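Colleague: Residue numbers (full-length UniProt numbering), protein chains in the order written: chain A, 1 to 330; chain B, 1 to 176. Here a beta-carbon is modelled for each residue, glycine too, at the ideal position from N, C-alpha and C. Quantities reported herein were computed from a predicted structural model and do not represent experimental measurements.
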């Protein structure tokens, strides 16, 4: 058989698997979040549909599909319809470069456990997570509603400022791995995960991705008490669902990013690599849910001040120190 | 040490939420586990009968006058022996706010609140209760009270012959 064709088929199979897994995971992340938050507040959370509420995502999907899909009269129709898709698709595209495990040896050919191992994978990931803000900002703008516009603006300002801290936090990682390829970065952590090697960068990155995913305590774009629901105020039905799923996809993407960059990717004792990867991603997701159940929402000025005045200088300092250390070691 | 306090205040709540994660939820799973409401719970309204088995309601309209949402309506009628009753009696439970003012207003204890709270239905007309649905066979909360026995006008006993009632005063006898 033609070798190129075989590679292509394998890529398509991997694509399908990843897409299916990730979408299911996102749907069940919603359920897990509701259940865990419920337990933290001494409630049960959804437990009616299916076994202990296991079919709740499906029920939600049916409900969202059956709901009336409203488009505000003076909204920019095309942008309004496009915006939720942007925020979902950018999150989905990010999975293209995330390595899930060590390359598999199958019929004397090496099968990389990543859809596309770009040598600038990290830059690609950052480009996509920057593009994700378009979905939010355009959605907020196209709705022709003050609340949505303010929510979109806030989301943009917040994402730009925290994206910077995030970018600064990964520079030491790239410096030690000497590569932008995510596979190479994971392989550089075989002995010691970057979390222990660069604790400050890890902290900055953790806070930054929390802000990036627009979740409590950084959920200013959708602060209910002042902005109704923020950028998705005017959205209904499956369009809202797209934003919603996009948010959870983003959660998984950011969890994977944290895993790949700081938690040592697929490396771990006993279990196969892909299991470790999944455990780590789910652990990060649980941590996010935990934070949501614990922390109050920050004030907007506190949020911006924390990003610009603390995280960015700390990130810059961290780069300098790491660089000095690397030069000193030679 | 404000910074130390801030850090502690950030870390400690995590421990609290984690502890609560493993506690038993306090939620009552409703359709499976039903709770008995308190005795004075204000649930569905009923019309009761007096100990003799007659309708207590004398259709005085006080309940519908007291009702803040105007959900009670009726028509008064009179029996051949002079006893009043409601020709029809209707409570629209889709409007009822279960405030209990009608039962406070009721002079004959006919209208009483029960502890029944499962009134939900998909059919709006089903929550409009007519007299035959409201009237129960018991006395409700007060089993002894009989309005006509005390204040009935010649229906059960002549004036002044009811228990605990003195005979009517001759008003002309104490004129100056």
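1) Rounded to the nearest angstrom, what separates residue 345/A and residue 248/A at their Cα positions?
2) Three Cβ pairs or more, each shorter than 8 angstroms: is that satisfied between the region 208 to 219 of chain A and the region 298 to 318 of chain A?
3) On the DSSP bridge assignment, give the partners of residue 91/B in chain order.
4) Opposite residue 201/A in the DSSP bridges: which residues?
5) Between 118/B, 32/B, 85/B, 83/B, which has its C-alpha nearest residue 98/B's C-alpha?
6) Which residues in chain A sit within 9 angstroms of residue 3/B, going by Cβ to Cβ distance?
7) For the candidate residues 110/A, 315/A, 290/A, whose alpha-carbon lies nearest to that of residue 20/B?
8) Taking 7 angstroms as the cut-off, decide whether the C-beta atoms of residue 165/A and residue 284/A are in contact.
9) With a 10 Å radius around its C-beta and 16 neighbouring C-beta atoms as the bar for buried, classify residue 24/A as buried or exposed.
10) Would you check if there are 3 or more beta carbon pairs closer than 8 angstroms linking the region 130 to 143 of chain A to the region 228 to 248 of chain A?
11) When you compare the region 207 to 214 of chain A with the region 163 to 177 of chain A, are there three or more beta-carbon pairs, one atom per stretch, that lie closer than 8 angstroms?
12) Applying the 10 Å Cβ sphere with the 16-neighbour rule, what's the burial state of residue 147/A?
13) Between residue 13/B and chain E, is there a C-beta pair that is closer than 7 angstroms?
14) For a contact defined as C-beta to C-beta under 7 angstroms, what are the partners of residue 209/A on chain B?
15) So which of 163/B, 169/B, 106/B has the shortest CA-CA distance to residue 59/B?
16) Run through the DSSP bridge pairs and tell me what residue 81/A is partnered with.
17) I want to see whether chain B comes within less than 7 angstroms of residue 215/A, judged by CB atoms only; does it?
18) Whose C-beta lies closer than 8 angstroms to the C-beta of residue 55/B among residues of the same chain, with five residues either side of it excluded?
19) Starting from the beta carbon of residue 204/A, find every residue of chain B whose beta carbon is closer than 7 angstroms, and list them in chain order.
20) Using a Cβ cut-off of 7 angstroms, pull out every chain B residue sitting near residue 331/A, in sequence order please.
21) Name the chain A residues that come within less than 7 angstroms of residue 17/B, Cβ to Cβ?
22) Residue 43/A versus chain B: which residues are under 9 angstroms apart at the beta carbon?
23) Can you tell me which of the three DSSP states residue 349/A falls into?
24) Give the straight-line distance between the Cα atoms of residue 93/B and residue 83/B, rounded to the nearest whole angstrom.
Modeller: If we stick to the structure as given:
1) Shown here, chain A extends from 1 to 330; a query on residue 345/A therefore has no answer.
2) yes
3) Taking the second chain and counting its residues from 1, the one referred to as residue 91/B is at position 91. Bridge partners of residue 91/B: 72/B, 129/B.
4) Position 201 of the first chain, counted from the start, is the residue given in the question as residue 201/A. Paired residues: none, contrary to the question.
5) To locate residue 98/B, count along the second chain from 1; it is residue 98. Minimum Cα distance to residue 98/B is reached at 118/B.
6) Sequence index remark: in the second chain, residue 3/B carries index 3 (1-based). Chain A residues near residue 3/B: none, gap ~12 angstroms exceeds 9 angstroms.
7) In the second chain, the residue the question calls residue 20/B occupies position 20. When only C-alpha atoms are compared, the closest one is 290/A.
8) As a position in the first chain, residue 165/A is number 165, starting the count at 1. As a position in the first chain, residue 284/A is number 284, starting the count at 1. No.
9) As a working mapping, residue 24/A is identified with position 24 in the first chain. Its Cβ having fewer than 16 others within 10 Å, residue 24/A is exposed.
10) yes
11) yes
12) Numbered from its first residue, the first chain carries residue 147/A at position 147. Residue 147/A comes out buried.
13) Absent from the structure: chain E. Protein chains present are A and B.
14) In the first chain, residue 209/A corresponds to position 209, counting from 1. Those within 7 angstroms of residue 209/A in chain B number zero; the least Cβ separation is about 18 angstroms.
15) The residue labelled residue 59/B in the question sits at position 59 within the second chain. The residue with the shortest Cα to Cα distance from residue 59/B is 106/B.
16) As a working note, residue 81/A is residue 81 in the first chain. Per DSSP, none; premise fails for residue 81/A.
17) Position 215 of the first chain, counted from the start, is the residue given in the question as residue 215/A. Not an interface residue.
18) Residue mapping note: residue 55/B aligns to position 55 of the second chain, counting from 1. Excluding residues within five positions, the ones whose Cβ falls inside 8 angstroms are 47, 49, 85, 86, 110, 135.
19) Residue numbering aside, residue 204/A sits at position 204 when the first chain is read from its first letter. Residues of chain B passing the Cβ test: none, with the nearest at roughly 16 angstroms.
20) For residue 331/A there is no data in the structure shown, the boundaries of chain A being 1 and 330.
21) Within the second chain, residue 17/B is the residue found at index 17, counting from 1. Result: 40, 290, 293, 294.
22) The residue given as residue 43/A occupies position 43 in the first chain. Neighbours of residue 43/A on chain B, chain order: 25, 26, 27.
23) Missing from the structure shown is residue 349/A; chain A here goes from 1 to 330 and no further.
24) Counting from 1 along the second chain, the entry for residue 93/B is found at position 93. Counting from 1 along the second chain, the entry for residue 83/B is found at position 83. For residue 93/B and residue 83/B, the distance between alpha carbons rounds to 28 angstroms.
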